Amino acid sequence: MTYVVTSRCVGTKETSCMTVCPVDCILDIGEQVVIDPVECVDCGACVDVCPVDAILHESEVDDPAVVADAYGRFGLAAP
C-alpha cells in the first residue's frame with residue numbers, strides 16, 4: 001500500500017511534499033507530482049504538508065482508476 005497524488009495537485013503543484021519525503025520518492029512530472037509506489041515507505045509525511053489535500057492513502061481513494069494510474073506511471077499493476 002502507498003500514497004497517491006490525486007488531481008487536486010494539478011495546477012497547484014506545491015512541492016513541500018517533496019521536501020519532507022525521507023526517501024525522495026515524490027517526483028515532479030510537470031503539471032503535478034507523483035509518488036513512486038515502490039520507494040514509498042508509507043510514512044505519511046507528505047499528507048500533512050499538502051496545502052490542497054491532494055495526497056491520499058490508496059485505501060482512501062474511491063476511484064480504482066486513480067490508483068491504477070498511479071501505479072501504471074511506474075510500469076506497475078495496482079494491487
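Numbering follows the UniProt record's numbering, with no gaps: position 77 of the sequence shown is 77.
Even for Gly, the Cβ is constructed at its ideal location relative to N, Cα and C.
Model, not experiment: these values are computed from the prediction.
Whole-angstrom distance between residue j and residue i, CA atom to CA atom
i: Leu27; j: Val4; result: 12 Å
i: Glu58; j: Leu76; result: 14 Å
i: Gly30; j: Val41; result: 23 Å
i: Ala78; j: Tyr71; result: 6 Å
i: Gly48; j: Met1; result: The sequence shown places Asp at residue 48, not Gly. Computed Cα separation, rounded: 18 Å.
Exposed unless 16 or more other CB atoms sit within 10 angstroms - verdict on residue i
i: Ala54; result: buried
i: Ala68; result: exposed
Candidates the options: closest to residue i by CA position
i: Val10; options: Val23, Val33, Thr2 and Cys25; result: Val33
i: Asp24; options: Gly72, Cys43 and Pro51; result: Cys43
i: Cys50; options: Met1, Thr2 and Thr15; result: Thr15
Spatial neighbours of residue i in its chain, beta-carbon cut-off 8 Å, leaving aside the 5 residues before and after
i: residue 82; result: This structure cannot settle anything about residue 82, because the visible part of the chain is limited to 1 through 79.
Cβ shell of residue i (< 7 Å), same chain only, five flanking positions each side left out
i: Ala45; result: Val20, Cys21 and Pro22
i: Phe74; result: Asp36, Pro37 and Val38
i: Arg8; result: Val52, Asp53 and Ala54
Contacts around residue i, its chain only, beta-carbon distance under 6 Å, and the 5 residues preceding and following it disregarded
i: Thr12; result: Val52
Practice task
Mind the definition here: the region 13-20 touches the region 57-75 only if three or more C-beta pairs lie below 8 Å; say whether that holds.
Solution key: By the Cβ rule, the region 13-20 does not count as touching the region 57-75, because fewer than three pairs are nearer than 8 Å.
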